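Below: the structure, in structure tokens.
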Ligand code: FES
């Protein structure tokens, strides 16, 4: 049994400890805001916050999460939208939307450490892939959220 925290709640997964966190979140916890894109760490659709870092959840086993704090898009804010989510709406970022929860998680982690990132810093920190090419709107939303 693997125990850690997801969105400030203790969880215990009775699954193979080598199960990727992505699948534990989606299949066992029904937290389907974390998306499966590639499964190889390339696209970033599965990005979650683990102990304050933006991590591709398809590359982390649940055993590696033991005792750690995991936050998904569902746990990013409690009663109202997170400032990053508000900025995403204001800048009308999503097109198809599939990659956006991972983008938002990566942006929230970035802004926690740097409230005024340059475009180069945004590009370096958010390496997620958006097949719709919404990168200019993502940068605008990150800048807005940091204000
Ligand atoms: Fe994890 Fe693509 S699904 S990086």
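In full-length UniProt numbering, the protein residues as written are 1 to 147. Glycine residues also receive a C-beta, built at the ideal position from the N, C-alpha and C atoms. Being a predicted model, the structure only gives us computed values, none of them experimental.
query	result
Return the chain-ordered list of same chain residues with a C-beta closer than 7 angstroms to the C-beta of residue 54, the five sequence neighbours on each side being excluded.	47, 105, 106 and 109
Are residue 44 and residue 127 close, meaning C-beta to C-beta below 8 angstroms?	yes
By the three-class DSSP mapping on this structure, what secondary structure does residue 129 have?	coil
Could I get the ranges of all uninterrupted beta strand (DSSP E) runs contained in the UniProt domain "2Fe-2S ferredoxin-type" (1 to 76), with 3 residues as the minimum, in chain order?	2 to 6, 9 to 13, 47 to 50, 53 to 56 and 69 to 71
Should residue 99 be listed as close to the ligand FES, given that the test is whether its C-beta is under 7 angstroms from any heavy atom?	no
For the ligand FES, list every residue whose C-beta falls under 6 angstroms from any of its heavy atoms, going in chain order.	36, 37, 38, 39, 41, 42, 43, 44, 45, 46, 56 and 58
Skipping 5 residues on each side, what residues in its chain have a beta carbon closer than 6 angstroms to that of residue 18?	61
For the alpha helix (DSSP H) containing residue 115, name the first residue and the last one.	Unbroken run through residue 115: none, as it is neither H nor E.
Look at the alpha carbon of residue 142 and the alpha carbon of residue 77, and state the distance between them as a whole number of angstroms.	17 angstroms
Out of curiosity, what's the CA-to-CA distance linking residue 26 and residue 51?	19 angstroms
What are the boundary residues of the alpha helix (DSSP H) that residue 83 is part of?	83 to 90
With the cut-off set at 8 angstroms, would you say residue 34 and residue 49 are in Cβ contact?	no
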